[in-house]
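The next block holds one structure in the form of structure tokens; read it before the comments.
Numbering (this note's numbering), first residue to last: 398 to 685.
The following block contains the structure:
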């Protein structure tokens with residue numbers, strides 16, 4: 398699996414050599430939540446746990462809630478909040494520094510065989526609701542500038558949660574708790590002219606639909622996509638769709654319309670599984 402670059406700079410199978418010395422045992426260092434979380438996910442795929450890999454803590458998770466979509470650009474850090482219920486043994490001290498829990502999202506059918514996994518920078522914060530349950534809130538942190546994502550990662554991801562004990566390496570991992578879409582951030586522009594324009598004359602409206610490329614960290618045209626031309630009369634708050642056109646091979650848009658009254662012109666993109674919906678900022682045209 399690929400995991401965030403700050404945990405392990407590897408592709409393909411998780412490199413166990415990166416975890417020879419557990420962070421909790423490193424001289425003079427505090428446990429590394431991300432490193433131990435990555436170890437827990439790898440161990441979750443084993444049919445039986447060895448002493449070195451740790452045993453199952455017996456913690457379970459439920460009621461996970463995450464945003465329906467996370468929009469990720471080319472460079473800026475993006476985080477999204479996740480809440481869930483943690484159920485544990487009555488003898489657990491979930492406030493101990495030796496215990497940590499947090500959410501994760503993964504691209505694939507199961508956490509241990511996922512193509513990519515993303516965690517939060519820090520463990521979740523939990524509040525006890527009974528002697529055996531707690532309400533937890535954590536973050537998923539995404540750093541596209543660090544090559545955590547490739548373009549094929551865009552689309553639906555699964556969500557899960559884990560718990561771990563630093564000192565023993567014991568952990569519990571549970572996937573399939575929810576889904577979210579990780580999407581390539583989109584941009585849409587518009588320009589209507591000439592302006593001012595005489596009533597009844599032909600107006601030309603141009604623009605461009607583009608989206609984030611996670612591999613070269615630039616924005617490129619989103620080709621062959623249906624985009625609506627919309628108009629809002631001056632003084633109104635409602636846009637009306639006039640026609641639908643498609644972006645060309647470089648994401649450019651061009652169409653014409655007849656000028657009738659003062660108002661705002663824009664393009665509107667409904668979005669896809671991999672790319673979020675976006676509206677261009679309306680361009681005002683004075684009709685005389």
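Where a beta carbon is used, it is the ideal one built from N, C-alpha and C, also for glycine.
- Taking a contact as a CB-CB distance under 8 Å, the pair residue 640 and residue 626 counts as one, their CB atoms being some 5 Å apart.
- A Cβ-Cβ contact shorter than 8 Å links residue 660 with residue 631.
- Three or more pairs of CB atoms, one per stretch, sit closer than 8 Å, so the region 563 to 581 contacts the region 428 to 439.
- Less than 8 Å separates the beta-carbon of residue 663 from that of residue 679.
- DSSP, read as helix, strand or coil, puts residue 639 in strand.
- An exposed status is given to residue 601, since fewer than 16 other beta-carbon atoms sit within 10 Å of its beta-carbon.
- Note on residue 615: under 16 other CB atoms within 10 angstroms of its CB, so exposed under the neighbour-count rule.
- The beta-bridge partner set that DSSP reports for residue 661 consists of 629, 681.
- Between the alpha carbons of residue 477 and residue 546 lies a gap of roughly 16 Å.
- Here DSSP, grouped into helix, strand and coil, assigns residue 583 to strand.
- Taking the C-beta atoms as reference points, residue 599 is found nearer than 8 Å to residue 655.
- In the structure shown, residue 562 falls within a strand segment according to DSSP collapsed to helix, strand and coil.
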